[in-house]
Amino acid sequence: MSQNAIEDILPVTPVQEGLLFHALYDQNAADVYTAQFVFELHGPLDGAALRAAAQAVVRRHPALRSAFRQRATGQWVQVVAAQAPLLWRELDLSTLPEAERSARLERLLADDRAHRFDLGRPRLVRFSLLRLSQERHVLVLMNHHLVLDGWSTAQLMGELFTLYAGGAAGAVLPAARPYRDFLGWLGRQDRQQALDAWRLALAGVEEPTLAGQGLIGQQHAAVAERPERVELEFSTEQTQALLDAARSHGLTLNSLVQGAWGILLGTLTGRSDVLFGAAVSGRPAELAGAEEIVGLLINTVPVRVRLDRGETVAELLTTVQAEQAALTPYHHTALTDLHAVTGQGALFDTLLVFENYPVDLAAMHLPGGAAVADVQVHDAAHYPLRLLVVPGTRLRISLDHRPDLLDRAAVERIAQRLHRLLPAMAANPQRPVARLDLLTVEERERVLTTWNGTAHPVPDTTLPALIERQAARTPDATALTGQDGSRTYAELDADANRLAHLLAELGAGPETTVGVALPRSPDLVLALLAVLKSGAAYLPLDPDYPPSRTADILADAAPHLVLTSEALAAAVPAHLTVLALDDEQVQTRLRAQPGTEQGGGRPHGGSPAYVIYTSGSTGRPKGVVVEHRAIVNRLLWMQDRYRLDGTDRVLQKTPAGFDVSVWEFFWPLISGAAVVVAPPGVHREPDRLARLIQDAGVTTAHFVPSMLRAFVDEPAAKACTSLRRVFCSGEALPAELVGDFHAVCDAPLHNLYGPTEAAVDVTHWTCPAQGTPDAVPIGRPVWNTRIHVLDAVLRPVPPGVIGEVYLAGVQLARGYLKRRGLTAQRFVADPYGPPGTRMYRTGDLGAWDQDGCLRYAGRTDHQVKIRGQRIELGEIEAVLGRHPGIAQAAVTAVDDRLTAYVRPAGQDEQLIPTLRQYLAEQLPAGWVPAAFVLLVQWPLTPSGKLDRKALPRPEFTGSAAHRAARNPREELLCGLFAEVLGVDRVGIDDSFFDLGGHSLLAARVISRIRTALEVDLPLSALFENPTVARLAEAAAAQSGMPKRPTLRRMPRPEEDE
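Mapping of the sequence shown onto my numbering: position 137 corresponds to residue 134, and the numbering continues sequentially without gaps.
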């Protein structure tokens, strides 16, 4: 563009700068920052006069003659051309047959939308006039958002038709107010004052409001070219009622709709403080003639709605309107500046646009009898969901959504709820917000009754009674097999009875607890059954736990006595009674006991069956007390559903301190099947596990998903053809893993879900061999169990909407041992069950899908599942916080690895090794963070809280004092460590576990070492020798080779032909 051709050079607004970035980001794709207005005109029309009027409009407004260029500094400017050619085309379609004419029209419109604008040329508005018949025409206005907003488009078209009527000379219109005037006003605003006002308005906002993440049906893909639309229309009577309700309380219709969307958004996201975007005209009252300026003045600002469920609808709406009115002087503030104010990369993903244009485009009339018969607008959705509100005698709301992010069915449900909500608000503005019900009668019936129709008769009995009846039916069948041999049902029952008699003599009975500290073995199963027969509840104590943690559990539970072995007895505090089962005197006493059932002290359905300790957020583990009726219901349902018989072999590999072990121990024993007890340590090694399954003919096994991943990746898994059923629980099950499992195993895979507080599992879902959803469901409730997905005030949320999962029914635990306050906090009254019943607040997030299956959606707190272990990050933080070298501590999970962030209290070069040792003495091995990050300064949110999103990502790298491999064996091990751990380099002195290794990765690297070095190295070797240098020596010793042998490169031998 020559110097003489330039009329003006103007700065760009922050909104324009953002549009330029997005429009130029991918110049090969369609530019979605454009709009197409299609006007259907009926009546006689003078095409030449309309073209002359369009040329006059372009001459009137500098914005329509603007191009966008970058200076050498990278700064964008808009260059206004003194003259710009009118982009105008006319096509006559009237000679085509009607069907062909309609198809050609649609193709022309689509081609027009697909044709990109050259932003560097002053041709960002173009017109098309398409003749359909003598008195039917279509006028198309296509523009880039850089030069026109919706208000300006209405202004422009009003001027176009006025000039058409009065002649293109333009004398009929006053001089246009130039876009430069708006830019001048914008440049004079006090930016800091505006930011301070928004900072106050957005104080406490710590995360964006993303409706797309709160809806089942969300997908992920690239930006869609054009949105899909769901239309919502209110009757004349409903519209008038909305207007009357708004006026009677001094409110605008816009405020009423904004409040309604805030309430619905709170339901969709499960939050009480929500944000959404609102399009504002950007035309300040103090700028005279601002409403006549043509250009891009519109802006998007946040609307914040804080939902106090106790306040009335009128109070909420009044607050929303007052807060927005106070921010009106600052509506010019760029959204990117507000991102910086809050420290958020995004604030919302929904936009509400309330149309209040100065000209009603659909009501325009042209001289000579022509009139606008219809207006169609084709605009892109730059947010996943946009609500376009069009007032009138019949209020219309269009929900434009990106189909790549939200499916149509989900958006239709949103529209239905909005259609229910607005009239309900207008009918009684004094109603508390908490009493607005967004569920239809049919939905309420489904989520509360139909999908919870699980009633089933279950006998009033106990776990030992069920096992005793099975022993009477099949006395000679094998009940237990293990390294030390096997026991029949009769032998197991008699041996358990002898120990139960002895326990009863020592005071065990109903409402007492007996600790069991034994390694996994048939004797462990025998001990647990004997405790149950005595009437007491068993308390499993993992021999692998640090002594300090076992001591904490014993101090809290105060069991009547502890069953253990001579080797482990020393770990039990001296004040507790200890019964070492392998002690000769104990054996003598056992042989003197009768092998029949003991008469007194039998448990009943309400007696505790076991107490299992789980992680506690305060640093103190808590004991969950589960009664017989709960676990009986769970096991009888499982037998009815999956049908074990005398030919089945069930693998028992889960440590007794985890509740999955309960069904591994006892489901086979009530069903005539056999328990195959895995030797200690086997559950960590996929290859040994596969061999055990093959050798023992295991038909039924359980895996947490992370262990199932390791098992599926083990080549020997394909030979486990005896498997008839495989169960998964403990973590979210990835869909990809389901497919990989079915590729190597023909057995069905069942996904189960449940917390320790509800007798192991409460939902079930069978994974199909093909077509598994991206988010694998956790399924439907088991017998006599109810699932509620509720909002913050315990109302059921609609299907497809995420809420907190509550459990009710017979499988609920009694509560937490000696923790009445915590029990009352987590086990609350059930408002949807019979009087006096309770429900358990899981802390899990979930949503019903449209078929009545539950889908898991995360946690409400800082609890995580790592390799199936339920870990309260707060417990690790509490233990860290007690160390004198720590000023502050936080723990997160990064890529399924625990990471500790610590701010030291002083200078200590050995702090990290010290902390590792300290935590290893206090917590189970899997709870010690894989990485420690030292921070000088704690990252904080604007409200002063820890900003977890700003915590630096840990680097799992080798030590600074890097020692390279000294021989081929060490070089190979360094490479295997690095590959399995996903790090760049490993030195021979770097610890596998300090670099982020854990038990499953250890199993994987040992498997690789066995293949590469052809040495049968046990998994324990890596735990005992965690560095490459030490492990290389262990491998050499295991293979009988000298340490650090000299290896020579040799040619590969050819195979015999």
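Where is the CB? At the ideal position from N, CA and C, for every residue including glycine. All values derive from a computational prediction rather than experimental measurement.
- Within the same chain, Cβ atoms closer than 6 angstroms to the Cβ of Leu116 are found at Phe65, the five residues on either side in sequence being excluded.
- Between the alpha carbons of Tyr354 and His375 lies a distance of about 17 angstroms.
- Under DSSP, Asn296 shares a beta bridge with Val277.
- In the DSSP annotation of this structure, Phe708 is not part of any beta strand (DSSP E); the continuous alpha helix (DSSP H) holding it starts and ends at 702 to 710.
- Per DSSP, reduced to three states, the secondary structure at Lys619 is strand.
- In this structure, Tyr639 is the residue among Ala468, Gln914, Tyr639 with its C-alpha nearest to the C-alpha of His747.
- As the crow flies, the alpha-carbon of Pro519 is around 15 angstroms from that of Val528.
- In terms of Cα proximity to Leu418, the closest of Cys742, Cys725, Leu641, Gln255 is Gln255.
- Ser988 and Ala975 have their C-alpha atoms some 11 angstroms from each other.
- Per DSSP, Glu225 is one residue of the beta strand (DSSP E) stretching across 225 to 230.
- When DSSP states are grouped into helix, strand and coil, Tyr829 belongs to the coil group.
- A check of alpha carbon separations from Leu558 across Asp541, Val513, Tyr542, Gly592 identifies Val513 as the nearest.
- For Phe974, the enclosing alpha helix (DSSP H) begins and ends at 965 to 978.
- Counting only residues of its own chain and dropping the five nearest sequence neighbours on each side, Val1025 has a CB closer than 6 angstroms to the CB of Glu967, Leu970, Cys971, Ile985.
- DSSP lists Gly482 as the bridge partner or partners of Gly479.
- Taking the Cβ atoms as the reference, Val583 lies roughly 6 angstroms from Ala577, within the contact range of under 8 angstroms.
- Cβ atoms of Ala805 and Met836 come within 8 angstroms of each other, at about 4 angstroms.
- A Cβ-Cβ distance of about 6 angstroms is found for the pair Ala421 and Leu433, placing them in contact under the 8 angstroms criterion.
- The criterion of a C-beta distance shorter than 8 angstroms is satisfied by Glu801 and Leu787.
- In terms of Cβ geometry, Thr339 and Leu262 do not form a close pair [threshold 8 angstroms].
- A distance of 8 angstroms or more separates the beta carbons of Arg410 and Gly849.
- For Asp553, there is no enclosing beta strand (DSSP E); the enclosing alpha helix (DSSP H) has its first and last residue at 544 to 554.
- Around the beta carbon of Arg466, fewer than 16 other beta carbons lie within 10 angstroms, which makes this residue exposed.
- Spanning the alpha carbons of Phe824 and Arg777 requires a straight line of approximately 21 angstroms.
- Secondary-structure assignment with DSSP links Glu801 through a beta bridge to Leu787, Leu842.
- It is roughly 21 angstroms from the alpha-carbon of Gly247 to the alpha-carbon of Thr233.
- Secondary structure of Asn748 (DSSP, three-state): strand.
- For Val277, the closest C-alpha among the options Phe351, Arg306, Ala323, Leu313 is that of Phe351.
- By the criterion of a C-beta distance shorter than 6 angstroms, Pro175 is surrounded in its chain by Pro59, once the five residues flanking it on both sides are discounted.
- When beta bridges are read from the DSSP output, Trp85 appears opposite Phe124.
- Judged by DSSP in its simplified three-state form, Ala452 adopts coil rather than helix or strand.
- Taken atom to atom, the span from the alpha-carbon of Ala1031 to that of Arg960 is near 19 angstroms.
- Runs of the alpha helix (DSSP H) spanning 4 or more residues and lying entirely within the segment 49 to 120 occur at 95 to 111, in chain order.
- Per DSSP, the continuous alpha helix (DSSP H) segment holding Trp660 begins and ends at 657 to 663.
- Take Ser604, set aside five residues on each side of it, and the residues of its chain with a beta-carbon closer than 6 angstroms to its own are Pro507, His625, in chain order.
- CA-to-CA, the gap between Arg391 and Glu230 works out to about 7 angstroms.
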